[in-house]
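For reference, the structure is listed below as structure tokens.
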Amino acid sequence: MGKCFSLRTARKLPVVIDGTRNGMINSTRRPIWAEGHPFQRCFPCEGNCAGKSRVEAKQRNSAIRKCVRVQLIKNGKRSQLLYPVMGCLKFTEENDEILIGGFGRKGHAVGDIPGV
Numbered sequence: 001m002g003k004c005f006s007l008r009t010a011r012k013l014p015v016v017i018d019g020t021r022n023g024m025i026n027s028t029r030r031p032i033w034a035e036g037h038p039f040q041r042c043f044p045c046e047g048n049c050a051g052k053s054r055v056e057a058k059q060r061n062s063a064i065r066k067c068v069r070v071q072l073i074k075n076g077k078r079s080q081l082l083y084p085v086m087g088c089l090k091f092t093e094e095n096d097e098i099l100i101g102g103f104g105r106k107g108h109a110v111g112d113i114p115g116v
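Following full-length UniProt numbering, the numbering of the sequence shown begins with 1 at its first residue and continues without gaps.
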């Protein structure tokens with residue numbers, strides 16, 4: 001938000017400047033993205049397979065998507081990942097090491113699959 005340069009804005013200027021200054025201080029103190037993000041913005045990640053699962057898609061889709069539960073090595077967090085190729089799930093067993101290349105849609109759900 002920029003400064004006010006019109007007439008009769010003497011009262012509003014300190015309020016606007018204080019508001020932006022406090023916002024900048026709080027954002028530099030605690031990076032929120034690092035708290036909730038399981039990979040902490042560092043790719044690629046490595047994890048152990050904790051189990052396989054099948055997730056049904058939302059309505060108007062009768063598909064069953066193949067997913068894998070992965071426990072990350074660096075922080076111990078678990079996340080559910082979608083396998084892009086259908087045949088890959090046959091070759092993956094529990095306690096296998098999995099290399100994760102990216103997080104897809106930046107934290108949002110993938111297409112018609114809720115929570116993945």
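Yeah, the Cβ is synthetic: ideal placement off N, Cα and C, and Gly gets one too.
Among the candidates the options, whose CA atom is the shortest distance from the CA of residue i?
i: K74; options: F39, E94, K90, V85; result: F39
i: E93; options: P14, V55, G76, C67; result: C67
i: I100; options: K90, Y83, S53; result: Y83
i: Q80; options: Q59, I98, N61; result: I98
i: N61; options: L89, P114, N95; result: P114
Taking C-beta to C-beta, are residue i and residue j nearer than 8 Å?
i: A50; j: V70; result: yes
Between which two residues does the alpha helix (DSSP H) harbouring residue i extend?
i: C67; result: First-last for C67: 64–72, but that is the beta strand (DSSP E), not the alpha helix (DSSP H).
i: K52; result: No alpha helix (DSSP H) contains K52, which is instead part of the beta strand (DSSP E) from 45–56.
i: L99; result: First-last for L99: 97–100, but that is the beta strand (DSSP E), not the alpha helix (DSSP H).
i: C42; result: Where C42 is concerned, there is no enclosing alpha helix (DSSP H), given that its DSSP letter is neither H nor E.
i: L7; result: That residue, L7, is in no alpha helix (DSSP H); it is neither H nor E in DSSP.
Quick check: what's the CA-CA separation for residue i versus residue j?
i: L72; j: G47; result: 4 Å
i: G102; j: D112; result: 19 Å
i: I64; j: V55; result: 6 Å
i: V85; j: K12; result: 58 Å
i: V116; j: R78; result: 12 Å
i: K52; j: Q59; result: 23 Å
i: N95; j: P14; result: 59 Å
i: F43; j: V110; result: 18 Å
Report the partner residues of residue i according to the DSSP bridge assignment.
i: R78; result: Q71
i: E110; result: Strictly speaking, residue 110 in this sequence is Val, with Glu absent from that position. According to DSSP, V110 bridges with I113.
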